[in-house]
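Everything below concerns the one structure shown next.
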Amino acid sequence: MTETETASRASSQTDASKYILTFDKIGNADIPSVGGKNASLGEMISALAASGINVPSGFALTTETYRDFLRSNQLEGLINGQMARLNRSELGLAEVGQTIRHAILEGEWPEEIRAAIVESYRDLAFETETNGPDVAVRSSPTAEDLPDASFAGQQESFLHVQGESNLLHTCKRCFASLFTDRAISYREQKGFRHESVALSVGVQRMVRSDLGASGIIFTIDTETGCPDVIVISAAYGLGDNVVQGAVTPDEYRVFKPLLSDGSKAPIIGKSLGSKELRLVYDQAWGGRVRNARTPFTDQFRFALDDDQILKLARWAVEIESHYDRPMDIEWALDGNTDELYIVQARPETVHSRKRRKILASARLVLEEGEAPEVLLEGQAVGRGIVSGRAVVMRNVWDSKKFNRGDIIVAKETNPDWVPLMKIAGGLVTDAGGRTSHAAIVCRELGIPAVIGTGKATESFFYGQEITLVCEGGRGLVYRGAIPHEETSVDLETLPESPIPLMLNLANPDAAMEWWELPTSGVGLVRMEFIITNILKVHPMAVATLDTNRRTEFAVQVEKMAPQFESPREFFVQSLAMGIGMIAASAYPDPAIVRFSDLKTNEYANLVGGRGFEPVEQNPMLGFRGASRYYHEDYRPGFELECEAIKRVRGKMGFRNVIVMIPFCRTVEEADRVLEVMAECGLERGKDDLHVYMMAEIPSNIVLADQFADRFDGFSIGSNDLTQLVLGIDRDSEKLQPLFDEGNEAVKTMISQLISIAHGAGKKVGICGQAPSDCPDFARFLVDQGIDSISLNPDSVIDISRKLAEPRRGA
Ligand code: PEP
Ligand code: MG
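Residue numbers 56 to 865, in my numbering, belong to the letters of the sequence shown in order.
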């Protein structure tokens, strides 16, 4: 190249940059020349593209382009003349607007500008290796008196523009959109001079998400505000459907702290959205958008695969750390190229500003001397008060007249009731004790329940207003809706507990609710709750399924979870994600996951379960716990449980998961179970795997030294231990007054266990119900030197305060 050529090239570049700036050269400081919208897009692209994040490239026509275009077509005079005539009422608004817009659209591009636009468009074509790439053309107005003149939604955008002449014409349409009737009258009203307003145009590569998918990412948990969880929503087609909530998108949750290890896949939640509609372009309609029905096969699969979910999550972490605050991000998947893109990023404002409080207690607000009538009494679940309409239900299908917030009145509950319990205001049952299904589920859902009343289903008429008051383990049902007030606790004011407190959790959906509690991990995850509430199928029915035959069971599972490639994958992945979610809520503290411990009658109720379970006289003392795991009648099911644990600890990366064996009657059983686990790839000690056992059978304590040789720690199951030491069926209403964990015999057993285990260098915790309900019992445990106490989430505040109180006489 000669010197003159070099010089002329340099000068043409300078000229071109007067008219055009590529997005990677634009930042927030460029608002005067490219408008607020283009400036923030440019800022994002220049900031993010460098870290390997795909952001569709493009360029902006500066306001100088707009002004030169007007000047070279002598449009300023025309505009001023038209405005003057409008002001003198010689012409109407519609006529003036029409004349100006027409003149702009008919205007000729100055050659230099035309060449610059075409060249930039060709650069995009070169970059995308296409002849005429689809671009989005957006108006980005500025005003001298108002730097970011993104007022009143006057900016027009044109999607899916293709080809040089279309682009040139569309840019003029953007210019003309500054003179819509609405825009003119807005400026007139506000007193903006028309000459002071200018327009920049953004030209950005279109991501063909109409053929792919799109959605939103929050870098913070939208439900709980937990900063360790990324939430991604996804639906097919262009993004507006997700933004506006027109469709139910898929929702994926990813655990941030484990993302930095590229070999891990910490996806802890995947829910399938119905995604009935997808927003697409209608070619026949000039490229405008319309909603089309999503084909069924697509509705029933996830819009993104795991690799795509993880890629977006990793990008989201980068974006959040660049901006140094929680972000709300739009993404798009190009259906032509299968490439993912970030198309917008802005600070998240709702959750990141909220200061969270934890509800601690509630009380009735009564007039002086007012004594409301108690209709029924039972055991309380949780702490709280609720008023509502009583709906007596014989079975769960009896729910037609049930509305959100009503109070379920039923004999008892089982996993089939959970969906209804999730929308109920409260629950009253005839039967069941503090460790029954109803109690555990209500506690986790945080809804007050009065259980074991003996006669609730005979006591109310449909729709009768009642008030449940749950406090200190006692539940009362009052006549009428009684006013009450709730108080919340600032967790920072909680005194430090003298002993590590852990949580009993079983519901993955609710687990994150408690992330702010000052606890040291999860002391008990009852795996059977995840199986009954989420999977609903019998492990043996899945494990023994002949994949070559479309059995009734196979069809049923396919209907329940069409998005999984096989019933086995459905079982293992869903179980792993459920456990992962709870493990994430504790991370990096331990989460002790107990293998399934249903009774045979409960297992039999699972889908496909009946043929696998014997009918027993006394399932509490039957084929349960460790005895099942090595037995040929359940071992294939247990192998699935082990596979899920392996996935959680391996692929997902939750090494904080400790496993626990329940109801282990003999030392020989312990050996056999550990052997089966090792055969399944869960060898105690390997990959830091710790194995605990529940201490809940008297034999566990009598032979504690032998069990201590085989396990890494113990967790006291005071529910079963009390049942077996005192010989009381824990679900018997009649014997409830005798069911007392504070009984000397039970306490002696516990002290003995702690001292033997400590002698053997093993830790002892407790995960039974007793310390959650009774502070004195919790104090007793502390005095015995227990290493940790696992509580129901709603008891943590109370018990930690009580444990921190100075002792009488101390
Ligand atoms: C226990 O027995 O105390 C215990 C925690 O286990 P579960 O209530 O599930 O039998
Ligand atoms: Mg137990």
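Beta carbons are placed, not taken as given, at the ideal position from N, Cα and C, and that holds for glycine.
Check your understanding: Any heavy atom of the ligand PEP within a distance shorter than 7 angstroms of the CB on residue 656?
Key -> In the sequence shown, counting from the first residue as 1, residue 656 sits at position 601. No, Cβ of residue 656 sits at least 7 angstroms from all heavy atoms of the ligand PEP.
Review point. Is it the case that the Cβ atoms of residue 171 and residue 75 are separated by a distance below 8 angstroms?
Key: Walking along the sequence shown from the start, residue 171 turns up at place 116. Walking along the sequence shown from the start, residue 75 turns up at place 20. Yes.
Point to revise | First through last residue of the beta strand (DSSP E) which encompasses residue 539 | key: If you number the sequence shown from 1, residue 539 lands on position 484. Start and end: 539-544.
Check your understanding: Closer than 7 angstroms: is that where the CB of residue 751 sits relative to any heavy atom of the ligand MG?
Key -> Indexing the sequence shown from 1 puts residue 751 at position 696. Yes, Cβ of residue 751 sits closer than 7 angstroms to a heavy atom of the ligand MG.
Review point. With respect to 7 angstroms, is the separation between the Cβ of residue 829 and the closest non-hydrogen atom of the ligand PEP below this value?
Key: The residue given as residue 829 occupies position 774 in the sequence shown. Residue 829 Cβ: outside cutoff for every heavy atom of the ligand PEP.
Review point. What three-state label does DSSP hand residue 569 in the structure shown?
Key: By one-based count along the sequence shown, residue 569 stands at place 514. It is helical.
Check your understanding: Which runs of the alpha helix (DSSP H) fall wholly inside the stretch 174-244 and span at least 4 residues, in chain order?
Key -> 219-231
Review point. Just to confirm, does residue 717 get its C-beta within under 7 angstroms of one of the non-hydrogen atoms of the ligand MG?
Key: For the purposes of this step, residue 717 is taken as residue 662 along the sequence shown, with counting starting at 1. Answer for residue 717: yes, Cβ within range of the ligand MG.
Check your understanding: The alpha helix (DSSP H) with residue 755 in it runs from where to where?
Key -> Taking the sequence shown and counting its residues from 1, one reaches residue 755 at position 700. Taken as a continuous stretch (DSSP letters only), the alpha helix (DSSP H) holding residue 755 covers 753-757.
Point to revise | Close beta carbons around residue 839, own chain, < 6 angstroms, minus the five adjacent residues each side | key: Walking along the sequence shown from the start, residue 839 turns up at place 784. Once the five neighbours on either side are set aside, the close Cβ partners of residue 839 are 806 and 809.
Exercise for review: Within its chain, find whatever has a CB closer than 6 angstroms to the CB of residue 728; leave out the 5 residues flanking it on each side and keep chain order.
Suggested key: For the purposes of this step, residue 728 is taken as residue 673 along the sequence shown, with counting starting at 1. The residues are 681, 684, 685 and 716.
**Study point:** Coil, strand or helix - residue 862 by DSSP
**Key:** Translated into positions along the sequence shown, residue 862 becomes position 807. The answer is coil: DSSP assigns residue 862 none of H, G, I, E or B.
**Study point:** DSSP bridge partner residues for residue 443 (one or two, in chain order)
**Key:** Here residue 443 refers to the residue found at position 388 of the sequence shown. Beta-bridge pairing links residue 443 to 521.
Point to revise | Neighbourhood of residue 678 by C-beta distance below 6 angstroms, restricted to the same chain and skipping five residues each side | key: As a first step, residue 678 must be located in the sequence shown, where it is residue number 623. The residues are 655.
**Study point:** Straight-line Cα distance separating residue 626 from residue 614
**Key:** Counted from its first residue, the sequence shown places residue 614 at position 559. Counted from its first residue, the sequence shown places residue 626 at position 571. Cα-Cα distance, rounded: 14 angstroms.
Review point. Quick one: any contact between the stretch 364-380 and the stretch 388-398, if contact means 3 or more CB pairs under 8 angstroms?
Key: yes
Check your understanding: Can you tell which of 767, 792 and 764 has its C-alpha closest to the C-alpha of residue 866?
Key -> With the chain running from 56 to 865 in the structure shown, residue 866 is simply not present.
Point to revise | the stretch 717-726 touching the stretch 744-759, judged by at least three CB pairs closer than 8 angstroms | key: yes
Check your understanding: Which of the three DSSP states, helix, strand or coil, is assigned to residue 676?
Key -> Along the sequence shown, read from residue 1 onward, the residue named residue 676 stands at position 621. Residue 676 falls in the helix class under three-state DSSP.
Review point. For residue 310, which of helix, strand or coil comes out of DSSP?
Key: The residue you call residue 310 lines up with position 255 of the sequence shown. It is a strand residue.
Practice item. Ignore the nearest five residues each way along the sequence and tell me which others in residue 494's own chain have a CB closer than 6 angstroms to its CB. Key: Translated into the one-based positions of the sequence shown, residue 494 becomes position 439. Only 436 and 506 meet the Cβ criterion.
Review point. Excluding the five sequence neighbours on either side, which residues of its own chain have a C-beta within less than 8 angstroms of the C-beta of residue 837, listed in chain order?
Key: Along the sequence shown, read from residue 1 onward, the residue named residue 837 stands at position 782. These residues qualify, in order along the chain: 553, 554, 844 and 858.
Review point. In whole angstroms, what separates the C-alpha of residue 601 from that of residue 616?
Key: Here residue 601 corresponds to residue number 546 of the sequence shown, with the count starting at 1. Here residue 616 corresponds to residue number 561 of the sequence shown, with the count starting at 1. Each residue's Cα considered, the two are about 18 angstroms apart.
**Study point:** Cutoff 7 angstroms; reference residue 780; Cβ partners in own chain excluding five residues on either side
**Key:** To locate residue 780, count along the sequence shown from 1; it is residue 725. For residue 780, where only same-chain residues beyond five positions count, the Cβ hits under 7 angstroms are 753, 800, 801 and 804.
Practice item. Would you be able to state if there are at least three C-beta pairs under 8 angstroms between the stretch 113-132 and the stretch 214-222? Key: no
Exercise for review: Please report how far the alpha carbon of residue 572 lies from the alpha carbon of residue 443, in whole angstroms.
Suggested key: In the sequence shown, residue 572 corresponds to position 517, counting from 1. In the sequence shown, residue 443 corresponds to position 388, counting from 1. Cα to Cα, residue 572 sits roughly 29 angstroms from residue 443.
Point to revise | For residue 139, three-class secondary structure by DSSP | key: Reading the sequence shown from its first residue, position 84 is the one you call residue 139. Helix.
Review point. Using the C-alpha atoms, what's the distance from residue 120 back to residue 168?
Key: Taking the sequence shown and counting its residues from 1, one reaches residue 168 at position 113. Taking the sequence shown and counting its residues from 1, one reaches residue 120 at position 65. Each residue's alpha carbon lies about 7 angstroms from the other.
Check your understanding: Counting along the chain, where does the beta strand (DSSP E) carrying residue 129 start and finish?
Key -> Against the sequence shown, residue 129 aligns to sequence position 74. Unbroken run through residue 129: none, as it is neither H nor E.
Check your understanding: Under 8 angstroms, do residue 563 and residue 585 count as touching if we go by C-beta distance?
Key -> Against the sequence shown, residue 563 aligns to sequence position 508. Against the sequence shown, residue 585 aligns to sequence position 530. Yes.
Check your understanding: For residue 578, is the beta carbon positioned less than 7 angstroms from some heavy atom of the ligand MG?
Key -> Taking the first residue of the sequence shown as 1, we reach residue 578 at position 523. The answer is no for residue 578.
Exercise for review: Go ahead and pull the three-state DSSP assignment for residue 842.
Suggested key: Here residue 842 is taken as the residue at index 787 of the sequence shown, counted from 1. Coil at residue 842, not helix or strand.
Review point. When every heavy atom of the ligand ATP is checked, does at least one fall within less than 7 angstroms of the C-beta of residue 652?
Key: In terms of ligand content, the structure shown lacks the ligand ATP and carries the ligand PEP and the ligand MG instead.
Review point. So, do the stretch 579-598 and the stretch 638-651 have three or more beta carbon pairs nearer to each other than 8 angstroms?
Key: yes
**Study point:** DSSP-derived helix/strand/coil call for residue 72
**Key:** Taking the sequence shown and counting its residues from 1, one reaches residue 72 at position 17. Helix.
Practice item. Determine the contact status of residue 469 and residue 660, defining contact as a CB-CB distance below 8 angstroms. Key: Taking the first residue of the sequence shown as position 1, residue 469 is located at position 414. Taking the first residue of the sequence shown as position 1, residue 660 is located at position 605. Yes, Cβ-Cβ distance for residue 469 and residue 660 is below 8 angstroms.
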